[in-house]
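The numbering used here numbers the first residue of the sequence shown as 19 and each following residue consecutively.
Down below is the structure, laid out as structure tokens.
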Amino acid sequence: MSGLRRPPALAVGHRIRFEGQVRGVLEVTAQAVTLEDAEAPHRVIALIDLFEAADFEVLFQPGRMPLPRVGLLEAFPPEVVKQALWWERQILEVLHGVAPDAEPGTEPRPGYGPGSSVTSRQRVKAAELAVAGHDVAAKTIGNRRRRYQEQGLVGLADHRPVRRRAEFGSVPEAVVEAMRKAIKEGVDTSTRNGAYLIWRTGEILRESGGEPVELPARRTLYRLLAKLTKGTHATGSAVTRRSKTHGAAAPFGELTVSAPGEVMQIDSTPLDVMVRLDNGVVGKVELTGMIDVASRTLSAAVLRPTTKSVDASVLLARTVTPELMRPGWVEALRMSRSVLPHRRLLTLDERLEYAAAKPVIVPEMIVCDHGKAFISRNFRASCRFLEIDFQPTHKGSPFQKGHIEKMLGSVATMFAQFLPGHTGRNTDQRGRHPEQENLWSLPELQDLLDEWIVAHWQNRPHEGLRDPDHPGRLFTPNQKYAALVEACGYVPVALSGQDYVELLPAAWRAVNSYGIRINNRTYDSPDLGPMRLRDSGVTAKRGLWEVHRDPYDVSYVWVRNHRGEGEWVQATWKYLNRAPVPFGDLAWDHVSHQLPRATEEELAQAVADLLTRAHAGPDRPAAKKKDRKVGSGKAVKAERRVAARTKAAPATVPSPTPEPPQQPEAEAPAEGDDLAEVIPLGLFNPLEDPWGRS
Numbered sequence: 019m020s021g022l023r024r025p026p027a028l029a030v031g032h033r034i035r036f037e038g039q040v041r042g043v044l045e046v047t048a049q050a051v052t053l054e055d056a057e058a059p060h061r062v063i064a065l066i067d068l069f070e071a072a073d074f075e076v077l078f079q080p081g082r083m084p085l086p087r088v089g090l091l092e093a094f095p096p097e098v099v100k101q102a103l104w105w106e107r108q109i110l111e112v113l114h115g116v117a118p119d120a121e122p123g124t125e126p127r128p129g130y131g132p133g134s135s136v137t138s139r140q141r142v143k144a145a146e147l148a149v150a151g152h153d154v155a156a157k158t159i160g161n162r163r164r165r166y167q168e169q170g171l172v173g174l175a176d177h178r179p180v181r182r183r184a185e186f187g188s189v190p191e192a193v194v195e196a197m198r199k200a201i202k203e204g205v206d207t208s209t210r211n212g213a214y215l216i217w218r219t220g221e222i223l224r225e226s227g228g229e230p231v232e233l234p235a236r237r238t239l240y241r242l243l244a245k246l247t248k249g250t251h252a253t254g255s256a257v258t259r260r261s262k263t264h265g266a267a268a269p270f271g272e273l274t275v276s277a278p279g280e281v282m283q284i285d286s287t288p289l290d291v292m293v294r295l296d297n298g299v300v301g302k303v304e305l306t307g308m309i310d311v312a313s314r315t316l317s318a319a320v321l322r323p324t325t326k327s328v329d330a331s332v333l334l335a336r337t338v339t340p341e342l343m344r345p346g347w348v349e350a351l352r353m354s355r356s357v358l359p360h361r362r363l364l365t366l367d368e369r370l371e372y373a374a375a376k377p378v379i380v381p382e383m384i385v386c387d388h389g390k391a392f393i394s395r396n397f398r399a400s401c402r403f404l405e406i407d408f409q410p411t412h413k414g415s416p417f418q419k420g421h422i423e424k425m426l427g428s429v430a431t432m433f434a435q436f437l438p439g440h441t442g443r444n445t446d447q448r449g450r451h452p453e454q455e456n457l458w459s460l461p462e463l464q465d466l467l468d469e470w471i472v473a474h475w476q477n478r479p480h481e482g483l484r485d486p487d488h489p490g491r492l493f494t495p496n497q498k499y500a501a502l503v504e505a506c507g508y509v510p511v512a513l514s515g516q517d518y519v520e521l522l523p524a525a526w527r528a529v530n531s532y533g534i535r536i537n538n539r540t541y542d543s544p545d546l547g548p549m550r551l552r553d554s555g556v557t558a559k560r561g562l563w564e565v566h567r568d569p570y571d572v573s574y575v576w577v578r579n580h581r582g583e584g585e586w587v588q589a590t591w592k593y594l595n596r597a598p599v600p601f602g603d604l605a606w607d608h609v610s611h612q613l614p615r616a617t618e619e620e621l622a623q624a625v626a627d628l629l630t631r632a633h634a635g636p637d638r639p640a641a642k643k644k645d646r647k648v649g650s651g652k653a654v655k656a657e658r659r660v661a662a663r664t665k666a667a668p669a670t671v672p673s674p675t676p677e678p679p680q681q682p683e684a685e686a687p688a689e690g691d692d693l694a695e696v697i698p699l700g701l702f703n704p705l706e707d708p709w710g711r712s
């Protein structure tokens, strides 16, 4: 059995050794083969006799014809393709003995039979074409046959219409290299125009010290410059030029994430909107945000005049804290009416009972750049406390956190441009006097941003969230999170109220008789009684008390009781009742779990109303006395607008201490009710005789 072997496969065109001669295979049948012979036109041998011959050997097997490059034929003119198809018919008859369109069983014409060689067929074909009026030599037909066997139909076409030209024409290579060097020198410098780059090209050629090279014509140099600077912004934006030059040289990779919080990215950028700061000064603020790569959820976004390390830590704390619903938000924004699995998550995390439709995500890894706020000791300590992997990117590599970079740009185009005081991203796009528009204050703008994230961003189909089986279908961040949490599960609350307060920035203040004063706001609480006008005992801080506060919520501060067991005492802003009040449990509709799911029309209307309200700016008191008249139509509308604004209060945070019971809210007047007449009170005069009043 070991001596058995499979006989070789023979085909027309093979060269074999048989009976001491090198013969060509002219024809192969099921039982015999026709070979060339030196003494006769051809010789027919049985296959079994051929394979059993002692000196039988296959010397040459022609390679298989490659698949024709049909796509390349589209670049040829129609007449060239027609001529190539005509030549293909002639070459196929030379190779196989019959025309390609002949009927099965057709006998070869004289000169093309099994006994004729390929060379003889080429001579016969040349003679036929000469009679038909085509003066073609047999050698030319042989060359076309070989090109056809190597390249297919494309080898028979005239390549002059698609002949490749030199990339830069007749421009010397030294000029091309000099111009490339001039373009590279200007990557990190200020932007210059094409005339400077052409001048610098000539200077580089003279400084090289080689053989003198004559520069081409001016128009030729400008055409060369256009080719070399394509896509580099060499004469455009300096920021874009640096970004493209220092970008990734290798193909972009894809980070595979399969669970919410597996990889999150954080970054900050100036917001293209002017706001009214606490001291009344108009200025710009920075937007700091964190995004989940798996679901594209914008887990937290805050506005600050300048981003600091404590702001990054607070942002991290807000990421793992539910976004609670606020009075004034439409019912469609509740988590119980969203696609999120609210009922099942509520059994794991009780904080989600009154949450808005935005997921709570606990980070496993945070990717950031080398900004001072993110590589600071404070932010690293917060990540270490929450057992989060801290992963800075390489310097000058913004593409390594492209998701957060794209998100920050989307906020500018989908939210910031609708606000009064929009400045554009540079001075070329800035209008006249944006600081004189009806600007929002920083807390008000933060409220609008929080509502926009819940209403628009979390319900907007995202290009990066597609169904693998149906790429045409897009998911929203909430839909993607709901799908991932089914497979990966939910991480319960990572922070308690005590932990949250610990992450807030600290300030050291004295507890006076009237309370604590921070940034011109007075905070007080009955629980501060044992601390008033007392020394905290912290010698390094001169007896001051440690106060933690949320920069994005001015409603409360927390004071550590150094004289006790280190517990936190919550103090409330003294004039909170004159500002938009924070929401509480009594403001809730406790049958919210029975509400139907929010429709797309409701969400779209909520986003439209939000943008309309944001574009109008805050409501300011009227300057004219006639608008202040009691009972006038404008005064009633102003009162209603103020009442509506009081509903958009900042979100509260998990309280480490129980809150005092709240009083039931007074019933608001109906739409058609008339307001009572307001009777002004007189001013107190200590010198007036109280018994002489009428």
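Glycine is no exception: its CB is placed at the ideal position from the N, C-alpha and C atoms.
So for residue i, helix, strand or coil by DSSP?
i: I379; result: coil
i: D553; result: coil
i: V320; result: strand
i: R535; result: strand
i: A196; result: helix
i: T261; result: Residue identity check: residue 261 is Ser in the sequence provided, not Thr. The answer is helix: DSSP assigns S261 an H, G or I state.
i: V625; result: helix
i: E58; result: Residue 58 is actually Ala in this sequence, not Glu. Residue state, collapsed to three classes: coil.
i: F403; result: helix
i: R241; result: helix
i: V76; result: strand
i: V231; result: coil
i: V572; result: strand
i: I284; result: strand
Which same chain residues, not among the five before or five after residue i, have their C-beta less than 7 angstroms away from its C-beta?
i: D329; result: T306, V320, R322, A391 and P569
i: P398; result: Checking the displayed sequence, the identity of residue 398 turns out to be Arg instead of Pro. Only F408 meet the Cβ criterion.
i: A256; result: S208 and T209
Measure from the alpha carbon of residue i to the alpha carbon of each residue in the options, then state which is nearest.
i: L215; options: L246, E185 and S188; result: L246
i: G42; options: V76, L65 and I66; result: V76
i: L522; options: L91, R567, R35 and L113; result: R567
i: R581; options: V565, D571, V556 and W591; result: V556
i: G427; options: A524, M197 and D290; result: D290
i: A27; options: F69, F36 and G129; result: F69
i: T713; options: W347, A48, L342 and D285; result: Since the first residue shown for the chain is 19 and the last is 712, residue 713 is missing from the structure and cannot be characterised.
i: P230; options: A196, H388, A501 and F74; result: A196
i: T590; options: V572, N579 and L174; result: V572
i: G131; options: P278, V46 and T287; result: V46
i: P486; options: N477, W475 and A501; result: A501
i: R182; options: G38, R164, R260 and F94; result: F94
i: A155; options: D296, T137 and L629; result: T137
i: G301; options: F74, G129, L463 and V311; result: L463
i: T441; options: T431, F433, A528 and P452; result: P452
i: L273; options: W526, E121, M432 and H421; result: H421
i: F186; options: R178, H177 and R198; result: R198
i: L492; options: E504, K559, R139 and R478; result: R478
i: N396; options: D296, R578 and V332; result: V332
i: D517; options: W586, K262, A192 and E349; result: W586
Who pairs with residue i in a beta bridge, going by DSSP?
i: V51; result: V46 and I63
i: M292; result: K302
i: V577; result: V565 and V587
i: F436; result: Beta-bridge pairing links F436 to no other residue.
i: L483; result: According to DSSP, which records beta bridges pairwise, L483 is partnered with nothing at all.
Enumerate in chain order the residues of its own chain whose CB-to-CB distance from residue i is below 6 angstroms, with the five nearest sequence positions on each side excluded.
i: R61; result: L53 and D55
i: K498; result: S313 and L483
i: G561; result: D553 and S554
i: V189; result: P234 and L242
i: H611; result: Confidence at H611 is low in this model, with a pLDDT of 38, below 50, so its placement is unreliable and no value can be given for it.
i: P340; result: R369, L370, A373 and V378
i: L437; result: V291 and A632
i: S459; result: R294
Ignore the nearest five residues each way along the sequence and tell me which others in residue i's own chain have a CB closer than 8 angstroms to its CB.
i: N530; result: R550 and L551
contact_flag[the region 106-115, the region 144-159] where n(CB pairs < 8 angstroms) is 3 or more: yes
Taking one C-beta from the region 339-351 and one from the region 410-417 each time, how about it: are there three or more such pairs within less than 8 angstroms? no
Counting Cβ pairs, one atom from each stretch, are 3 or more of them under 8 angstroms apart for the region 624-638 and the region 468-477? yes
Do the region 249-256 and the region 203-212 touch if we need at least three Cβ pairs shorter than 8 angstroms? yes
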